[in-house]
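Report on the following structure.
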Amino acid sequence: MKRKILISALILSIAGSGCTTSKSEWHSYSGDKTIEHKVDSVLSLMTLEEKIGQMTQFSSHGDITGPIVNEDIEPYLKKGLIGSIFNAVTVEGIRKLQEQALAESRLKIPVLFGYDVVHGFKTIFPIPLAESCSWDLYQIKKSAAIAAEEASAAGIAWTFAPMIDIVRDARWGRVMEGAGEDTYLGALIAEAKVKGFQGNHWKDLYNTNTILACAKHFCAYGAAESGRDYNTVDVSDRTLREVYFPPFKAAKDAGVATFMTAFNEISGIPCTASKYLFRDVLKDEWQFNGFVVTDYTAINELVPHGVAQDEEQAAELAVNAGVDMDMTGGVYLHNLKTLVEEGKVSENTIDNAVRRILEMKFILGLFDDPYRYLDEKREKETILKPEFLQAAREIGNRSIVLLKNNNQFFPITKDRQLTVALIGPMVKNRTSMNGEWSARGNKNESASLFDGLTEKYKNTNIKFLYAEGCDLKEPGTEGFAEAINIARKADIIIAAMGEDYNWSGEAASRSNIKLPGSQQKLLKELKKTGKPIGLVLMNGRPLDLSWEDKNIDAIMEAWYLGTMAGHSIADVIVGDYNPSAKLTMSFPRNAGQLPIYYNRKNTGRPLPEDNPKMDYRSSYLDVENSPLYPFGYGLSYTTFQYSKPSISSGILTKNGELKVSVTITNTGNYDGEEIVQLYIQDVTASVTRPIKELKGFQKLNIKKGESVTADFIIREKDLGFLRLDNTWGTEPGEYKVFVGNDSENVQELKFSLVE
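Residue numbers 495 to 1249, in the numbering used here, belong to the letters of the sequence shown in order.
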């Protein structure tokens, strides 16, 4: 049963009185004057210590369903010196913490509870990198909305997602958490995720099935040198504004409530101490009106970064840079009062941060009822709804990328009579199906590939034999003999391999991105049997598949698909769903090519297409420049033929538009979906431009034998970039248009932009 608490009579009486205080750089997130007045009224009652408490977030250090296990948290809760708690879960556990916060604190300001709801809460969806390969903005928004509904039913009101870092280096483990290498697509996915979590308008946040989203990590965290987590980033302001900023700007424009700082430095300044990022760009230039939270202990880390001599100075740098809340470090809690008293931080700066935090609590309705999210009946009824599981299965279908399919190895239809050897450490693996950041998902209950296949093919003439063959991580050949014996008894082999979930995610960087352990060695032994092999991969990053591509008959990139993983993969293997996903990160030929991405720039000595072995050009001696599988690449069980594209005019005027059209015909034997992609190149400009940039795509459902025409509209605004004078806009000149089914397999058109 819900409980409602009266805040204090004093707060309630003043909250509607219209009392105001100086706002300085703070602007209302909501634009609702009533909420502004309530915020100011509460703020006027607070002591400096209570204000600093609102800027402090504690971790509960685990799932709290009984007595509080963190002794340090209790005295601060009683004094009202905690603004937010994360990692507390379940209605029962959160209720106990909220009750403690409200029972003895002077002003009884409710606590905001947050959690890492990255790709699902209990119903786990595909990892974000996998989801992005669907290019399906509707499904991506839907998965975030379901995650928000489940999380809010468990008492969570804030998620630390989406991660919208642009990622170009597969060595970095957190590529699994992002949307890939492209800025245009990344910005669209950022918008979809934010609206999925929060709703389409800030007023939707008052509903108890939405939660605050957090755009992270601002900024350029994905550009860490050597692909090593937390490492230095060195990028120009031009690259920030053209590559890394746009998804964050899209999140801000979609109404994202919070931003998170990045661990890395840029230009010698750790992001958590960057006035440029948080005051100049985010709050002043972009007019962001939510609040900024650090990543875990990021303020403390300013000391080892070498820009603060101690945590007091670290607190000074961070708060003056515009960082509003300290995640778990305790640095604000223990240092801000002294800094204000010493005149190093103004109380107005503190007030502006607290206003932003309090406003979110008002928008969520926590001041109306601090227990409004806490309903055990709703929690029980919402978690793992059948329709949620079906949605996870469907987005899983759409996230699987078919990389190779010689001799139509896939699909393996039910009408065949086959003995199939299921070999590999991922055949029966459940614990890795959810991937990292899997919230409250039960790893032991996620569907394995074996679960999916045996369910899919029951009562058919498809028979399965099984051998694990080798470990997922550790080298060793003990299981090889059994696996090879099983393989020889079968007609075909499905090898299920990949990475342990702990090998992708935060602090999971790899210098060697081949299949771990003895998996490739086992594949080589299976190859000697002469049986056709289909490789199903479950992993969190692009891998070096150069040997596999050359030697294995079919390769299916299934990623970590979550709760319904095995069923989603089985749907695709049997042909109930025709794969349609396209890569959003390029797969390298080897790790030495990294970072690799399609929208690179030419050098002064580009590699001539007509003479790839020409000396003294920008190329490798031992491998091609191109990726093994490029951005936008993915096969289908059917085939699509593209007509020669057309363009409505060779001239684009300032206020005009061009139409580019191409007709796609399904020439195969299956109905299928095709993602048609449009890229543009600015041939000559005042600064160098990428060889091509994604500017549009359409996902078309085309029945076998049918043709569909895709039309794209190009306007001047689509051609903007940061010009030599550091203004955003266009320049007249020649442009190329590319249309095709991936970033390399394209047809070219030209037009000119005139003033």
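For glycine and all other residues, C-beta sits at the position ideal for the given N, C-alpha and C.
Since the structure is predicted, the reported quantities are computational estimates derived from the model, not experimental observations.
Within the same chain, and ignoring the five residues on either side of Leu-1172 in sequence, the residues whose Cβ sits closer than 6 Å to its Cβ are Lys-1189, Gly-1190, Phe-1206 and Val-1233. With a threshold of 16 other beta carbon atoms within 10 Å, Ile-980 meets it and is buried.
Here Gly-1223 is exposed: its Cβ has fewer than 16 other Cβ atoms, across all protein chains shown, within 10 Å. As far as DSSP is concerned, Cys-627 takes part in no beta bridge. Checking the DSSP bridge columns, you'll see Val-737 has no partner listed. Of the residues assessed, Thr-1132 falls on the buried side of the cut-off, its CB having 16 or more other CB atoms within 10 angstroms. Counting of Cβ neighbours within 10 angstroms places Ser-599 among the buried residues, the total reaching 16 or more. Rounded to the nearest angstrom, the gap between the Cα atoms of Glu-625 and Lys-572 is 42 Å. Contact between the segment 617-632 and the segment 723-738 is absent: fewer than 3 CB-CB pairs across the two stretches fall below 8 Å. Taking the Cβ atoms as the reference, Pro-656 lies roughly 7 Å from Ala-709, within the contact range of under 8 Å.
In the structure shown, the three-state DSSP call for Val-1117 is coil. In the DSSP assignment, Gly-992 falls outside any alpha helix (DSSP H) and within the unbroken beta strand (DSSP E) covering 986-992. In the same chain as Ser-628, and ignoring 5 residues on each side of it, the C-beta atoms closer than 6 Å to its own belong to Arg-892, Ser-893 and Ala-1075, in chain order. For Asn-899, DSSP records a beta bridge to Ala-1048.
With respect to Phe-1245, Glu-736 sits apart: the two C-beta atoms are not nearer than 9 Å. Shortest Cα-Cα distance from Tyr-700 to any of Pro-1073, Arg-866, Asn-1239 and Asp-1165 involves Arg-866. Per DSSP, Asn-694 has no beta-bridge partner at all. According to DSSP, Phe-1215 shares a beta bridge with Gly-1223.
Gln-803 sits in coil when the DSSP states are folded into three classes, being neither helix nor strand. Residue environment for Thr-752: buried (at least 16 other C-beta atoms within 10 angstroms of its C-beta). Excluding five sequence positions before and after Leu-833, the CB atoms of its chain that fall closer than 8 Å to its own CB belong to Glu-806, Ala-809, Glu-810, Val-813 and Val-839, given in chain order. Around the Cβ of Gln-1241, a 10 Å sphere holds fewer than 16 other Cβ atoms; the residue is exposed. The segment 676-689 makes contact with the segment 736-750, as at least three CB pairs between them are under 8 Å. Annotation: Pro-1226 to Lys-1095 spans about 20 Å, alpha carbon to alpha carbon.
If you check the CB distance, Val-1156 and Lys-1193 do not come in under 9 Å.
Here Phe-772 has Val-786, Ala-815, Gly-816 and Val-817 as same chain residues with Cβ atoms under 7 Å from its own Cβ, once five neighbours each way along the sequence are excluded.
Put simply, the backbone Cα of Leu-830 is about 29 Å away from that of Ile-705. For Lys-1244, the secondary structure class from DSSP, reduced to helix, strand or coil, is strand. Per DSSP, reduced to three states, the secondary structure at Val-1231 is strand. Distance check between Asn-581 and each of Ala-933, Gly-1199 and Leu-868 places Ala-933 closest, using alpha-carbon atoms only. Taking a contact to require three or more Cβ pairs closer than 8 Å, the segment 613-620 and the segment 1047-1059 qualify as touching. Closest in C-alpha terms to Val-895, from the list Leu-776, Glu-1000, Phe-1081 and Leu-966, comes Phe-1081. About 6 Å separates the Cβ atoms of Gln-551 and Gly-577, confirming a contact at the 8 Å cut-off. The count of Cβ pairs closer than 8 Å, one atom from the segment 853-872 and one from the segment 908-918, stays below three, leaving the stretches out of contact. Taking a C-beta distance under 9 Å as the contact criterion, Gly-667 and Asp-723 qualify as a contact pair. The beta carbons of Ile-1046 and Ala-961 sit no closer together than 9 Å.
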